[in-house]
Amino acid sequence: RAKRSGKARYEMGDDSLAALAIRQIEIYDGLHRALERHELRLVYQPILDLSEDRVTGVEALLRWDHPERGVVGPAEFIDVAESRELIVPIGRWVLHEAVRQATLWFSEFGADAPRMWVNISDRQVGRHDLAGLVRGALDDTGLPVELLGLELTERQVVRTGHSVRSDLAAIRGLGVGLAIDDFGTGRTGIDYLRELPVSHLKIDRTFVSGLGQDRTNTALTDAIITLGRGLGLTVTAEGVETSDQLGRLRQAGCHRVQGYLLGRPQPPSAVAATFGAGFGAPTGAGPEQEQPP
Ligand code: C2E
Ligand code: MG
Ligand code: MG
Ligand code: MG
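Per full-length UniProt numbering: the sequence shown = residues 452 to 744.
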């Protein structure tokens, strides 16, 4: 309870610039120590392949167990981490932790082991030689390269320069998957798809949530799926919450789905129970698991 009211005070209190700056400094200070204090952890959300009807991937999502505020989601701290370059050491930790977990699952589940999808920030790419870091992680663990993928938001991809693009090309050259995350929200041209060696598109949840309700979102979702398929990319829809949305996505030819309907982000042992298992015909009853994100 005390944690809740503390959080509410942060979020609903004084919105002045000074208050915002103080809050960001507090987040930065805490985040700075969160790594060494082991307050960061990853939760994993299953990704269901519709043609195979089984979980073939998971997305790693960062959580911060704040000593006073309880579980803090990335929406509250990723921007601060990115603005101060803290995302570089944090992103390095995320990559190593996710690869470590993926390797454990590979030794436990073999052919049923999921591909691990890791969110990265453009700040980690280019100058910081992400390709070298990824190659090192794969070499150290022996994780098969096809069991790793990186997600970069469209917003970040479009503002990247040459060094970032060549680093991404090197990563893709290793055989690691590269997904454009939040596709459709970049407010920009899509010509970068010609230059970047992308393998996957993830349709942003704002499109999915309007499926069947709203003509524009329905048309846009269909168009993105057609575009992705036409380019030979694997298309994943995120934020799938209802069996109606799942049915429509299946109909439209979407390859994979991810969302609360199929499973929330959850700790490693809980998500492992979904590996290799199919979901069958959608029941409409979403599994109720773990904490809200
Ligand atoms: P994202 O990569 O687009 O991840 C999907 C977000 O949607 C996650 O929020 C997930 O919990 C949420 N989600 C999944 N299914 C549903 C659903 O059915 N309904 C709704 N309403 N939401 C759903 P989360 O975990 O809060 O992460 C937010 C964003 O923070 C991520 O968006 C990603 O851009 C960023 N992020 C998370 N972890 C990392 C990380 O390790 N590194 C970096 N650089 N960014 C991260
Ligand atoms: Mg993502
Ligand atoms: Mg996304
Ligand atoms: Mg998103």
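Just so you know, even glycine gets a beta-carbon here, dropped at the ideal spot from N, CA and C.
Point to revise | Spatial neighbours of residue 725 in its chain, beta-carbon cut-off 7 Å, leaving aside the 5 residues before and after | key: Around residue 725: 497, 506, 714.
**Study point:** Sequence-distant residues of the same chain with beta carbon closer than 7 Å to residue 539, five excluded per side
**Key:** If we look at residue 539 and ignore the five residues flanking it on each side, its Cβ neighbours are 574, 575, 579.
Check your understanding: Taking Cβ to Cβ, would you say residue 596 is nearer than 9 Å to residue 569?
Key -> No. Outside cutoff.
Exercise for review: Work out the CA separation of residue 489 and residue 469 for me, nearest whole Å.
Suggested key: 30 Å
Exercise for review: Could you check if residue 456 is buried or exposed, using at least 16 other CB atoms within 10 Å of its CB as the buried criterion?
Suggested key: In this prediction, residue 456 scores a pLDDT of 47, lower than 50, which makes its location untrustworthy; the coordinate-derived value is nonetheless stated afterwards. Taking all protein chains in view, the Cβ of residue 456 is surrounded by fewer than 16 other Cβ atoms within 10 Å, so the residue is classified as exposed.
Exercise for review: On a CA-only basis, which of 719, 723, 730, 728 is nearest residue 493? Give me that one, please.
Suggested key: 719
Exercise for review: Starting from the C-beta of residue 598, find all residues in its chain whose C-beta is less than 7 Å away, skip the five residues before and the five after it, and write them out in chain order.
Suggested key: Hits under 7 Å: 553, 557, 564, 566, 567.
Point to revise | Endpoints, alpha helix (DSSP H) assigned at residue 557 | key: 538-560
Review point. Taking any heavy atom of ligand 2 as the mark, which residues have a C-beta closer than 5 Å to it, listed down the chain?
Key: 570, 602, 632
**Study point:** Same chain, Cβ closer than 7 Å to residue 716, five either side skipped, listed in chain order
**Key:** Excluding five sequence positions before and after residue 716, the CB atoms of its chain that fall closer than 7 Å to its own CB belong to 494, 495, 496, 512, 744, given in chain order.
Check your understanding: If residue 499 sits next to residue 708, beta carbons under 8 Å apart, how far is it from one beta carbon to the other, in whole angstroms?
Key -> Contact between residue 499 and residue 708 holds, since their C-beta atoms are separated by about 5 Å, short of 8 Å.
Practice item. Take the Cβ of residue 460 as the centre, count every other Cβ of all protein chains shown within 10 Å, and call the residue buried at 16 or more, exposed below. Key: At residue 460 the pLDDT is 48, less than 50, meaning the model places this residue with poor confidence; the figure from the coordinates comes in the next sentence. Per the 10 Å Cβ criterion, exposed.
Review point. Which whole-angstrom value is the C-beta distance of residue 729 and residue 590, which I expect to be below 8 Å?
Key: Incorrect: roughly 34 Å between the Cβ atoms, too far for contact.
Check your understanding: Which residue spans inside the segment 486-530 form an unbroken alpha helix (DSSP H) run of at least 4?
Key -> Listed in chain order, nothing qualifies, since the segment 486-530 has no complete alpha helix (DSSP H) run of 4 or more residues.
Review point. Leaving out five residues before and five after residue 697 in sequence, what residues of the same chain have Cβ atoms less than 7 Å from its Cβ?
Key: 691, 708, 712, 733
**Study point:** Buried versus exposed call for residue 452 [16 or more other C-beta atoms within 10 Å across all chains shown]
**Key:** Low local confidence applies: a pLDDT of 36 at residue 452 is under 50, so the model's placement there is unreliable, with the coordinate-based value given in what follows. Under this definition residue 452 is an exposed residue.
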